[in-house]
Amino acid sequence: MHTSEIKDEISKIIRLMQNDRIPKYLDKLERYIQELELKNPTRADLFKLILEVIKNEEDKFGLPEHLPAGESIDEEEIKKRAEEQSGIIGRVVISKTTPATPYTFSFWIKYDKECHLQPGDMVKVRLGKDKCVAVVEKVEAVSDIPDPITAYYSWSYGEPTQEMPTAKPIIRKCDARVVFRSDQKHVPFIEPYEVYLSEADEIEEALNSQIEEKHRVLIGFTRDAFGTMVPVFGDFRYLFGYRAGHVNISGKSGVAGKTSYALFLIASALSTAKKLGSEGYSLACIAFNVKERDLLTVKDFPYGDMKEAIELLSKESELELDARMWGKAYDLGIDPIEIFSNAEIFQPGVSAEPTKYHFGLQDILNAGVDVFMCMFNPEDIDDKMESLIYSIEVVYRDGKTTFDQLINDLTIQINRSQRQHISIGGVPHHVSTIGKFLNRLNKILRSLSNCITRSQPKGHPIEIEKLEDGDLYIIDIKPLADNGKRMVFLYIMKRLDEMLEAKKEGVPSIRIGSTEVDLELFPSRVAVFVDELNKFAPSGRSKSPIKSSIIDIVARGRSIGLTLIGAEQLASQLDEEILVNTSTYLVGKQENVELTNKFYKWISEGLKDRVFYLQPGELVLSHERHAAPIVIRFPRPLHRVEE
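Residue numbers for the sequence shown, in our numbering: 20 to 662.
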């Protein structure tokens, strides 16, 4: 158990002592642990560890060691308190209306006002020597009263102020989905097994035992029934290639925390990659700042280091949970302050500053015709216009022609021509098509003057080829018009695609334009975060000049180590092929009407109800290596804790 966890458990146990839920005297606590060991050995072991820590403290955390003189241990009270901590809450029920399957079952909960379960909680079923851990998907309370009319008449003919002499029994029934079985069998339950509250070590085994320790990436936290924080890991190979790839985060803007979660995942992934570097699992990340200043302030920490951050957060009651999560993450080697302090931020601008980027005609043509075309509106690109642009690429991709020279040359040809068609690259094009092209291009160059140079053949594009293991590049595209956002995004994705494919094939270097790029230090994997992904690859027949290119890159990306961390408000507005190729889904607070879309079928109806009530910092997670969706938490980003 990590230091932060021990401190957390001590504080919880002290609160329980103060509330008389467990013995407050240490000698009485020892007897309590003995009784608890008969009912729940795992929980008893935790209490032993906590007791040892308490005894080693000089002031014993202010707890008295011995019962007052004349008092003795009440054995009945000890047994009662131990029963509360034993964890048994009900039994599996197999009936005509609630049949068990290999992956789902129902159970009832004992009548105890202190015992509560909600969708997303974890429970354990003991199967003799084996065990099963399951996630609760639905909770219902029912009685034998057939209808509201009967209830009305039975309550003194609808007199609400009356108290009934006997309480009607209320039965709570839960539906659960299997997350883990230690016997690895795929068979339904055939006995009314005991159901227990979950415990941290069992949840951790259920969620993480299928992932080799060296491949574990912290992707969030959950809590056991006693409030202990449990880390949830994903598999590096299934998040960032080559087994699978791509992460998608959806949810309402402002409350789902999509960008905050992406930053948490990036910090965790880059920290993990450091440990895997010797095994060839190098990783770098690129994040596009699409709106507001979400990503441009990631280096503005009000803390000197992680220890100071955790200490200060723990002193604020509303930030205590964040302190616990960051403490656990830091114990696991994750340091967002170190990761983000070294981030490089690039912004558009036609200047010689190293952090400013802009493009010339040759930069764009070298990246591909589709990068050039994506600057145009979709309705402007018909077959004639597309053919013309391909001809322009053949003739003017020469390393020296500028945008101004291209416009001037085509204008001269139109003015001098006495025919309706002009040959460019051996292909005839109608003068009206060329005129339309020039008209649109001039408008584009005016709207993108902050990221395109007209007078130079080459600008200063972001030097993606200099990316190394552990790097984080933040590229600001918010100031750009939509066509500029598309162009920069596709330019970066295509460059990454070229280099990662060559890297995977073991090619030592690759030619980009007129430059030979050494790939020795280039990472084997790159993750790209972009918000509002649906604008680049919208669903259905919605037009986007880069949609087909992005779909193609995503379809083959995981095999070369190029993965997307995409986010959008509504997953239903994102192209289906991108979702199909995604291995990890996260959903934050969302409207019920959106949850009716077929994409959300992986979430059970009970959990869908919970989605509407998710709080900031909570997400429903589905990961390739987990058997069922679960509810996770993540901490606030340290540069925005006050928001």
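Glycine is no exception: its CB is placed at the ideal position from the N, C-alpha and C atoms.
Keep in mind the model is a prediction, meaning the values are calculated, not measured.
Asked                                                                                                            : Found
Environment of residue 277 [buried if 16+ CB atoms lie within 10 Å]                                              : buried
Cβ neighbour criterion (16 or more within 10 Å) applied to residue 345                                           : buried
Spatial distance of residue 560 from residue 569 (CA atoms)                                                      : 15 Å
Residue 271 vs residue 608 beta-carbon contact at 8 Å                                                            : yes
Same chain, Cβ closer than 7 Å to residue 154, five either side skipped, listed in chain order                   : 139, 141, 195, 196, 198, 647 and 649
Close beta carbons around residue 505, own chain, < 8 Å, minus the five adjacent residues each side              : 393, 394, 555, 563, 564 and 565
Same chain only: Cβ atoms within 7 Å of residue 368, ignoring 5 sequence neighbours per side                     : 375, 377 and 469
Pairwise C-alpha distance: residue 622 and residue 705                                                           : The structure shown does not extend to residue 705, since the chain is modelled only from 20 to 662, so the question has no answer here.
Pairwise C-alpha distance: residue 99 and residue 88                                                             : 23 Å
6 Å CB neighbourhood of residue 547 in its chain, flanking five on each side removed                             : 305 and 583
Under 8 Å between C-beta atoms of residue 388 and residue 415                                                    : no
Whether residue 382 touches residue 478 by CB criterion (8 Å)                                                    : yes
With 16 other Cβ atoms within 10 Å as the buried cut-off, status of residue 85                                   : exposed
Whole-number beta carbon distance between residue 315 and residue 493, since they are thought to touch under 8 Å : 7 Å
Sequence-distant residues of its chain with Cβ nearer than 7 Å to residue 635 (five each side left out)          : 274 and 276
Strand pairing of residue 512, partner residues [DSSP]                                                           : Per DSSP, none; premise fails for residue 512.
Cα-Cα separation, residue 601 to residue 573                                                                     : 9 Å
The segment 245-265 in contact with the segment 218-227 per 3-pair CB rule at 8 Å                                : yes
CB of residue 111 within 8 Å of CB of residue 211, strictly                                                      : yes
Three-state secondary structure assigned by DSSP to residue 291                                                  : helix
Where residue 479 sits in the DSSP three-state scheme                                                            : strand
Residue 325 burial status per 10 Å Cβ neighbour count (16 or more: buried)                                       : buried
Residue 629, enclosing alpha helix (DSSP H) - first and last residue                                             : 624-630
Sufficient close CB pairs (3 or more, under 8 Å) joining the segment 437-454 to the segment 472-490              : no
Residue environment, residue 185, which counts as buried when at least 16 other CB atoms sit within 10 Å         : exposed
Environment of residue 189 [buried if 16+ CB atoms lie within 10 Å]                                              : exposed
Simplified DSSP assignment, three categories, for residue 80                                                     : helix
Residues near residue 172 by beta carbon distance below 7 Å, same chain, minus five either side                  : none
Close Cβ partners of residue 355 (< 7 Å) along its chain, the five nearest in sequence each way excluded         : 286 and 657
DSSP-derived helix/strand/coil call for residue 658                                                              : helix
When 365, 533 and 490 are compared against residue 292, the one with the closest alpha-carbon                    : 490
Inter-residue spacing [alpha-carbon to alpha-carbon] between residue 120 and residue 599                         : 27 Å
Limits of the alpha helix (DSSP H) - the one that residue 53 falls within                                        : 45-58
Exposure of residue 95, with buried meaning 16 or more beta-carbon neighbours within 10 Å                        : exposed
Complete runs of the beta strand (DSSP E) confined to the segment 299-381 [at least 3 residues]                  : 302-308 and 363-367
Residues near residue 413 in its chain [Cβ-Cβ closer than 7 Å; skip 5 each side]                                 : 444
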